[in-house]
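In the UniProt record's numbering, the protein residues as written are 1 to 157. For glycine and all other residues, C-beta sits at the position ideal for the given N, C-alpha and C. Values in this document were obtained by computation on a predicted structure and should not be read as measured data. Let me begin by presenting the structure, written as structure tokens, before commenting on it.
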């Protein structure tokens, strides 16, 4: 790397424009990019594998009010219970805590010239959304998830 590129990289990083490069992580469920494309819908692939975002108010899961479990659309790992779901008014399914401490992972997301905390599936690494500190009690957190990145299974009657 020459001096000009180094200074440009440092400058871009300082204003949050440098490409986001997460530290290498390993996951239990791993597929090639081609395999993920075959396993997922185009919308789910865009979100889970390419860190896309669905348009607000477009996911049926945002209006899902039955008792049940929200799981990763990539690997079926249970992520959130309907008991922790709330209406955040944002247009995305929101929860105040994951189903367990080991269901999701987080990492710093420096894209879009801001710092946010990205949330991903702990088993397959699929991008789910972001977590913010403006949620309700008891945690004060808002896990703002992309509905297309999850499935819903109603509780047994």
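Quick check: what's the CA-CA separation for residue i versus residue j?
i	j	result
residue 96	residue 32	32 Å
residue 68	residue 115	32 Å
residue 27	residue 66	31 Å
residue 93	residue 104	15 Å
residue 138	residue 71	22 Å
residue 41	residue 148	9 Å
residue 82	residue 62	11 Å
residue 51	residue 106	13 Å
residue 34	residue 125	16 Å
residue 55	residue 156	31 Å
residue 113	residue 91	22 Å
residue 99	residue 49	22 Å
residue 88	residue 37	31 Å
residue 58	residue 64	12 Å
residue 118	residue 111	10 Å
If you follow the alpha helix (DSSP H) that residue i is part of, which residue opens it and which one closes it?
i	result
residue 133	From DSSP, residue 133 is part of no alpha helix (DSSP H); its letter is neither H nor E.
residue 34	33-39
residue 43	42-50
Helix, strand or coil for residue i per DSSP?
i	result
residue 148	helix
residue 143	strand
residue 156	coil
residue 84	helix
residue 20	Residue placement at residue 20 is poorly supported in this model, since its pLDDT is 44, which falls under 50; the coordinates still yield a value, given next. The answer is coil: DSSP assigns residue 20 none of H, G, I, E or B.
Note the first and the last residue of the continuous beta strand (DSSP E) segment covering residue i.
i	result
residue 81	78-81
residue 71	68-72
residue 120	116-121
residue 105	104-109
Assuming residue i contacts residue j under a Cβ cut-off of 8 Å, what Cβ separation, rounded to an integer in Å, is found between them?
i	j	result
residue 44	residue 77	In fact, because the Cβ distance is near 14 Å, the residues do not count as touching under 8 Å.
residue 130	residue 144	6 Å
residue 79	residue 150	6 Å
residue 154	residue 86	About 18 Å; that fails the 8 Å criterion.
residue 47	residue 146	5 Å
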